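Chains as they are written, first to last, in this note's numbering: chain A, 1031 to 1156; chain B, 14 to 690.
Printed below as a string of structure tokens:
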């Protein structure tokens, strides 16, 4: 999620549950991820800290399962079904999200909300 | 230690003669003392001799190098074991002789020394596992040695007293950074003063074992034409006197049953000795003494240390040393009352159960008295009421001293318990740190067949390539986007990386490239693609094709000029191209300008009309809009950007090339990969 530099931001941690959608023989979640400890963090357009090697959501397919569940572009994925995603390679992250025997993934994500107004949005956890 | 008397030399000359001699020796010895121990060793020696004969036959018969190396390893192990058993036999013979001499002079048996002096500490299990020997290859091995991969076969021989075990054989070449032996080796009866000798043997695994036959001149000619180190080793192999004498050769002269065994010979490369002071419940590094130098054929560049886990379990910690019925005086109360318990002395504790059945049923003991280095035990004065002595055990719990008073049923029982306690103290003083806590020893699991993984070529072969990319959907997106952006390009926006192409000369290559334009998609897989170039080459080719197929506004010369930029980079080297400084600098400056956003939409054909650099802010907006137009079932175009550019207008490369391209894109650290999930 893009934020305007100079404006206060709030980081919100939420739990998002995504039900995978079956498309042919694939189970898809409907978003793309970028990042990983084996990737160059400087090229991550979503991270606030350019040395953050975490997994970020780079794209959310419209009307896909992820969008329906509330995932937004720019969210940082911290955990997937209990597995840590802050210190994984890109491929490991992809694999943890695309396990064939799991229908549902429960993500712990951190989003940045840009506050244009002084009224701060409250944190909420699902 | 192994003194060569006339009889022993004759005994070792032949297999059959040895057996005859042993029989004769047995007969002779049986006159004086019982030979139970001797016969045990004889049996072991016979067994090893049979194994050795088998190994020799196998060595002569086998044709494959691996088999020959394994057989040579067994041969070496058998020889070492035979030597160890022989020396033990010799020692026993000498001891018997000494005893006989002493007895003859004294006339009586030597009296037993006091109970303390004669006390021997208990034996224990010693296990060594996870042996790892780091290597230190020189850079010349990697870069200048163009010859075949020089490989050595190595294994470790571990010896404690008479027990000799060998590890599995490991092939070492310059792709290995450490030699790892996965075996866990357990020596069951080791005294606390044990010396575990670790020896590393290696054998060069090259074709010519009979290298000594070639004449010297040929050798010098060969050494100049082979790779540097291979030739050096060949030259050295011709001159056997240069290297240190091999232990195998030494053993062979001593125990040679027949002609010299042709085949691979192992040489001692390094050795070290470990003892009780090295025992710990975790990994430790020890120094290795290296024999041999670089010129030897069997040389492997060792870093000079070995890491391993050496654990010991003395029997006093694992077995019950003493058990019996006891009476424990209850503290406080007058007259003192006694509780009957069943006491078990094991490890550093005296477990007191209510009944013996409780102990067998694994019920928790009623209470436990610690018997460790801090405990003090003494026999108290005779109780006026009862005849037996009682034993006082004092421990420090925190700051307090707690004394338990125990009494056994009879005097003999008390004596036996005291003996047991003294023995425990002796063991603990001898085994030192092993008695603090019980160290875990994993028993080696039943042997699994060794998995032979042959490395074919490079690491690329081992990487799994997923075939989840759907090219056709991506090409649809591509064509749509191309049309979108062509309109946009009319407005004069151009990605920031365009500035690169201003400076780089593409002129001289242009005429050649124009000819190669239809084939350019094929060339592209060979280039290690930078993040910059990923969108490009295909794009350039697409552009070029568009130029040729349909008359687009894009004129030939700028396009080929762009290609001119890409091509020199892609053609210069098929594999990893050392980055030029200028390109690096440009890449880093572009990154700083938030260029990363471009990757989201990988297909942005260059604007042909204007080459002016544009501010970076324009780009993210363009990319965001691009991304929103993607269809839901598009595959990962971000990560496999080269593949995404294979569209229907262009010639389709084969799937193998496509997957190879994907792979290179994935592996290139300069990409910021994105994956669709």
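Just so you know, even glycine gets a beta-carbon here, dropped at the ideal spot from N, CA and C.
The structure displayed is predicted, hence computed values, not measured ones.
Distance CB(residue i)-CB(residue j) smaller than 9 Å
i: residue 403 of chain B; j: residue 388 of chain B; result: no
i: residue 445 of chain B; j: residue 205 of chain B; result: yes
i: residue 144 of chain B; j: residue 320 of chain B; result: yes
i: residue 1083 of chain A; j: residue 1066 of chain A; result: yes
i: residue 210 of chain B; j: residue 285 of chain B; result: yes
i: residue 61 of chain B; j: residue 174 of chain B; result: no
i: residue 105 of chain B; j: residue 50 of chain B; result: yes
i: residue 421 of chain B; j: residue 338 of chain B; result: yes
i: residue 1139 of chain A; j: residue 1098 of chain A; result: no
i: residue 140 of chain B; j: residue 200 of chain B; result: yes
i: residue 137 of chain B; j: residue 293 of chain B; result: no
i: residue 1076 of chain A; j: residue 1108 of chain A; result: no
i: residue 379 of chain B; j: residue 408 of chain B; result: no
i: residue 363 of chain B; j: residue 352 of chain B; result: no
i: residue 135 of chain B; j: residue 436 of chain B; result: yes
i: residue 1110 of chain A; j: residue 1137 of chain A; result: yes
i: residue 340 of chain B; j: residue 354 of chain B; result: yes
i: residue 1100 of chain A; j: residue 1046 of chain A; result: yes
i: residue 431 of chain B; j: residue 406 of chain B; result: no
Proximity winner among the options, relative to residue i (alpha-carbon distances)
i: residue 190 of chain B; options: B/495, B/170 and B/152; result: B/152
i: residue 312 of chain B; options: B/281, B/674 and B/285; result: B/281
i: residue 195 of chain B; options: B/369, B/186, B/179 and B/188; result: B/179
i: residue 70 of chain B; options: B/392, B/83 and B/203; result: B/83
i: residue 142 of chain B; options: B/197, B/103 and B/90; result: B/197
i: residue 1094 of chain A; options: A/1043, A/1062 and A/1123; result: A/1062
i: residue 687 of chain B; options: A/1046, A/1085, A/1043 and A/1100; result: A/1085
i: residue 305 of chain B; options: B/333, B/317, B/294 and B/295; result: B/317
i: residue 349 of chain B; options: B/419, B/74, B/357 and B/335; result: B/419
i: residue 1051 of chain A; options: A/1042, A/1127 and A/1142; result: A/1127
i: residue 1130 of chain A; options: A/1056, A/1044, A/1043 and A/1039; result: A/1056
i: residue 443 of chain B; options: B/330, B/343 and B/410; result: B/330
i: residue 283 of chain B; options: B/215, B/417 and B/449; result: B/215
i: residue 187 of chain B; options: B/203, B/169, B/164 and B/202; result: B/164
i: residue 296 of chain B; options: B/680, B/385, B/308 and B/324; result: B/324
i: residue 1041 of chain A; options: A/1078, A/1123 and A/1054; result: A/1078
i: residue 90 of chain B; options: B/65, B/669 and B/495; result: B/65
i: residue 96 of chain B; options: B/59, B/680, B/118 and B/68; result: B/59
i: residue 416 of chain B; options: B/93, B/677, B/344 and B/115; result: B/344
Contact belief for residue i with residue j at Cβ below 8 Å, rounded distance in angstroms
i: residue 218 of chain B; j: residue 166 of chain B; result: 5 Å
i: residue 360 of chain B; j: residue 456 of chain B; result: Between residue 456 of chain B and residue 360 of chain B the Cβ distance is about 19 Å, and since that is not below 8 Å, they are no contact.
i: residue 99 of chain B; j: residue 315 of chain B; result: The pair is not a contact, with the Cβ atoms about 31 Å apart (cut-off 8 Å).
i: residue 1049 of chain A; j: residue 1118 of chain A; result: Incorrect: roughly 23 Å between the Cβ atoms, too far for contact.
i: residue 335 of chain B; j: residue 301 of chain B; result: In fact, because the Cβ distance is near 42 Å, the residues do not count as touching under 8 Å.
i: residue 185 of chain B; j: residue 177 of chain B; result: Residue 185 of chain B to residue 177 of chain B, Cβ: 22 Å. No contact.
i: residue 1141 of chain A; j: residue 1105 of chain A; result: 5 Å
i: residue 169 of chain B; j: residue 133 of chain B; result: Actually they do not touch by this definition, with Cβ atoms about 30 Å apart.
i: residue 86 of chain B; j: residue 182 of chain B; result: 6 Å
i: residue 1120 of chain A; j: residue 1069 of chain A; result: 5 Å
Exercise for the section: For the stretch 1050–1072 of chain A, enumerate the residues whose C-beta is nearer than 8 Å to any C-beta of chain B, in chain order. Expected result: Residues passing the 8 Å Cβ filter: 1053, 1056, 1058, 1059, 1060, 1061, 1062, 1063, 1064, 1065, 1066, 1068, 1069, 1070 and 1072.
Handout entry: Residues, ordered as in the chain, of the stretch 1105–1130 of chain A that lie near chain B by beta-carbon distance below 7 Å
Key = Flagged, chain order: 1120, 1124, 1127 and 1128.
Practice task
Please name the residues in the stretch 1081–1104 of chain A whose beta-carbon is closer than 8 Å to at least one beta-carbon of chain B, in chain order.
Solution key: Along the stretch 1081–1104 of chain A, going in chain order, the ones with a CB nearer than 8 Å to a CB of chain B are 1088, 1089, 1091, 1092, 1093 and 1094.
Problem - Under 9 Å (Cβ pairs) to chain A, residues found in the stretch 423–456 of chain B - result: Correct list: empty, as no residue qualifies.
Exercise for the section: Check distances from the C-beta atoms of the stretch 675–690 of chain B to those of chain A and list, in chain order, the residues that come in under 7 Å. Expected result: Against chain A - using a Cβ distance shorter than 7 Å - the residues of the stretch 675–690 of chain B are 682, 683, 685, 686, 687, 688, 689 and 690.
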